[in-house]
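Down below is the structure, laid out as structure tokens.
Numbering (full-length UniProt numbering), first residue to last: 1 to 255.
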């Protein structure tokens, strides 16, 4: 079985439309948005684990790098996965209040650039929409590979800068250039964007991620996260993928 076969059946147009409709709630109702995203992510990772290891991930240890306030922990706990969330920002970790609980998993305040875990210590390592927020995203990726056991699963998913969502709350102004988009946002709102270009948001391309993943020798699959299966071919087209692949998923397995 190809590692993506099971998830490919889930990657329908209906799913894409449903997730796209949830994105509008990210600011006004983050709980609704992140629960939907967490449930979908847990299903995606479970499918990929099934494709890689031909079995359920229940009982396995998953390390979520940049896991935020705990929505993902709740989703993975419901799937029987032993969840460890890593988040460097204390305010982000507690943003959802009671969502974080012992039932959701274990939560550690630490940087994904230097994970406080031993080599080969987890079965699955996930990073969802974090790589574009750090200045050295492939150091993050290397740390994820380091802590994952040989034969385990690493899923690194990130927003492509030139894609339609690359500017995050700055909207399409990122096509004018990151620094200009940040200045326009600050002038319009009287404060810098939370995802501010050059400090908490960086221009990461699809080519950057693919080149890094191939160089590791651990890449087993790649696909656009929110696209239906029939549009996955877009990932293989240089230049075009930078604009139409809004979120790239890199699936790796350490040797």
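The C-beta atom is built at its ideal place from N, Cα and C for all residues, glycine as well. Computed from a prediction, not measured in an experiment: that's the story for all the values here.
If you draw a straight line from the Cα of residue 191 to the Cα of residue 6, it is about 44 Å long. Per the coordinates, the alpha-carbon of residue 35 lies some 21 Å from the alpha-carbon of residue 194.
Between residue 216 and residue 250, the gap from beta carbon to beta carbon reaches 7 Å or more. Per DSSP, reduced to three states, the secondary structure at residue 157 is strand. If you look at residue 247, you'll find it in the beta strand (DSSP E) that goes 247-252. Closest option to residue 48, judged by alpha-carbon separation, among 185, 75, 232 and 10: 10. Proximity to residue 238 across 167, 209, 219 and 227 peaks at 209, based on C-alpha coordinates. DSSP places residue 83 in the uninterrupted beta strand (DSSP E) bounded by 82-86. Setting aside the 5 residues that flank it on each side, residue 180 is surrounded in the same chain by 173, each with a C-beta closer than 8 Å to its C-beta; the list follows chain order. In summary, residue 225 is buried, with 16 or more beta-carbon neighbours lying within 10 Å of its beta-carbon over all protein chains present.
By the C-beta density criterion, residue 123 is buried, having at least 16 other C-beta atoms within 10 angstroms.
Between residue 160 and the set 146, 137 and 145, the nearest pair of CA atoms involves 137. Counting only the Cα atoms, residue 197 lies some 34 Å from residue 121. Separation of the CB atoms of residue 45 and residue 125 is rounded to 10 Å, and the pair is thereby denied contact status at 8 Å. By the neighbour-count criterion, in which 16 or more other beta carbons inside 10 Å mark a residue as buried, residue 176 falls on the exposed side. If you look at residue 220, you'll find it in the beta strand (DSSP E) that goes 219-224. The alpha-carbon of residue 111 is positioned some 20 Å away from that of residue 82. Comparing alpha-carbon positions, the option among 254, 218 and 88 lying closest to residue 200 turns out to be 88. Residue 120 sits in coil when the DSSP states are folded into three classes, being neither helix nor strand. Note that the C-beta distance between residue 148 and residue 154 is below 7 Å.
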